[in-house]
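Here is the structure we will look at, set down as structure tokens.
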Amino acid sequence: MIDIFAALHYSEERQVTFAVFQLEGAARSWWNVIRMKWDREQTPRTWVNFVRDFNAKYFPPLVQEKKEDEFIRLRQGTQSVAEYESQFTRLSKFAPELILTEQRRVRRFIQGLNVEIQKDLAVAQINIFSDAVEKALRVENAGFK
């Protein structure tokens with residue numbers, strides 16, 4: 000979803016609205032309770048707050064911590080760039096505070112790439128995640144040249 004939000008330049012509140020629109024059944028009921036709590040406590044409707052509360056409800060703390068640790072330790076290793084990007088995107092949901100801005104997300108992604116690819120990306124000023132992925136794929140396909 001984060002790619003959609005970035006591409007469409009969604010505000011924090013609109014990101015939450017978009018996610019909530021997709022909730023059904025018990026998840027929608029959960030949101031109605033959380034929305035009232037947020038209104039009562041004047042909690043800002045931000046993506047980080049939404050993910051935090053959603054994960055608290057639907058992922059036990061031990062699972063969340065394990066996934067956050069996986070994200071922190073994630074490196075490309077023997078994976079292709081596409082496989083690494085998929086893992087990065089999947090696990091980043093468990094540590095949204097580590098990628099609060101697009102630049103932090105790009106930096107963390109690049110730092111997890113193999114050194115050969117990092118070297119080729121070091122000279123480029125990359126500020127958009129999709130650009131970082133695209134350039135890493137190009138370097139990989141060129142055989143790290």
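For the sequence shown, numbering that gives the first Met the number 0 begins at 0 and goes up steadily by one.
Here a beta-carbon is modelled for each residue, glycine too, at the ideal position from N, C-alpha and C.
- Contact annotation: the region 81-90 does not touch the region 45-65, with fewer than three C-beta pairs closer than 8 angstroms.
- Each of Ile109, Ala94 and Asn54 was checked against the Cα of Arg74, and the nearest Cα belongs to Ile109.
- Phe20 and Val32 have their C-alpha atoms spaced approximately 15 angstroms apart.
- Taken in chain order, the unbroken stretches of alpha helix (DSSP H) that lie wholly in the region 31-86 and span 4 residues or more are 46-57 and 60-72.
- For Ala94, the secondary structure class from DSSP, reduced to helix, strand or coil, is coil.
- Boundaries cannot be given for Thr100, as no alpha helix (DSSP H) includes it and DSSP labels it neither H nor E.
- Approximately 10 angstroms separates the beta-carbon atoms of Arg106 and Leu97; this is outside 8 angstroms, ruling out the contact.
- Where Ile116 is concerned, the enclosing alpha helix (DSSP H) starts and stops at Val114 to Ala121.
- With contacts defined by Cβ atoms closer than 9 angstroms, Gln63 and Phe93 form a contacting pair.
- Classified as buried, Val80 has 16 or more neighbouring CB atoms from the shown chains inside 10 Å of its CB.
- Excluding residues up to 5 positions away in sequence, Val105, Phe108, Ile109, Leu120 and Ile125 lie with their Cβ nearer than 8 angstroms to the Cβ of Ala131 in the same chain.
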